[in-house]
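Colleague:
In the working numbering, the protein residues as written are 43 to 156.
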């Protein structure tokens with residue numbers, strides 16, 4: 043793989059499958075470079091491991107951001123649907139409170155549903 047850092051805009055423009063393929067390639071490249079370094083061989087480029095790790099981090103960050111955006115949209119849709127299903131506030135108050143009264147000379151407070 044190339045050593046240059048990938049641009050965020052470029053990564054955002056890729057499809058999910060393309061990003062995952064590129065991530066797999068970068069991880070393979072990183073494993074190869076670390077293997078060369080562990081064997082005591084001279085690295086092809088001293089900064090290549092750092093660049094590959096940075097590119098992997100960028101891809102993972104973008105994947106996480108896109109996932110969080112989708113979850114936020116789903117949550118907002120569920121909240122809207124729930125709000126439409128709920129009764130208006132006036133009807134809710136009528137059903138939740140009972141009138142207090144006097145019975146046997148003692149004042150009885152109404153119970154409220156929680």
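All C-beta atoms in this analysis are idealised placements derived from N, C-alpha and C, irrespective of residue type, glycine included.
Here the structure is a predicted model, which is why all the values come from computation and not from measurement.
Let me make sure I understand the geometry here. Which of 126, 94, 122 has the alpha-carbon closest to that of residue 49?
Modeller: With distances taken between Cα atoms, residue 49 lies closest to 94.
Colleague: Determine the closest residue to residue 77 out of 66, 65, 91, 64, with distance taken between C-alpha atoms.
Modeller: Comparing Cα-Cα distances from residue 77 to each of 66, 65, 91, 64, the minimum goes to 91.
Colleague: Going along the chain, which unbroken runs of the alpha helix (DSSP H) with 4 or more residues stay wholly within the stretch 77–138?
Modeller: The stretch 77–138 contains these whole alpha helix (DSSP H) runs: 90–127, 131–138.
Colleague: Evaluate residue 68 with the Cβ neighbour count: other Cβ atoms within 10 Å of its Cβ, from every protein chain shown; 16 or more gives buried, anything less gives exposed.
Modeller: Per the 10 Å Cβ criterion, buried.
Colleague: Considering Cα atoms alone, identify which of 111, 127, 75, 66 is closest to residue 89.
Modeller: Taking only the C-alpha atoms, the option nearest residue 89 is 75.
Colleague: Give the secondary structure of residue 72 by DSSP, where H, G and I count as helix, E and B as strand, and everything else as coil.
Modeller: Correct three-state label for residue 72: helix.
Colleague: Going by other Cβ atoms of all chains shown within 10 Å of its Cβ, with 16 needed for buried, is residue 100 buried or exposed?
Modeller: Burial call: buried.
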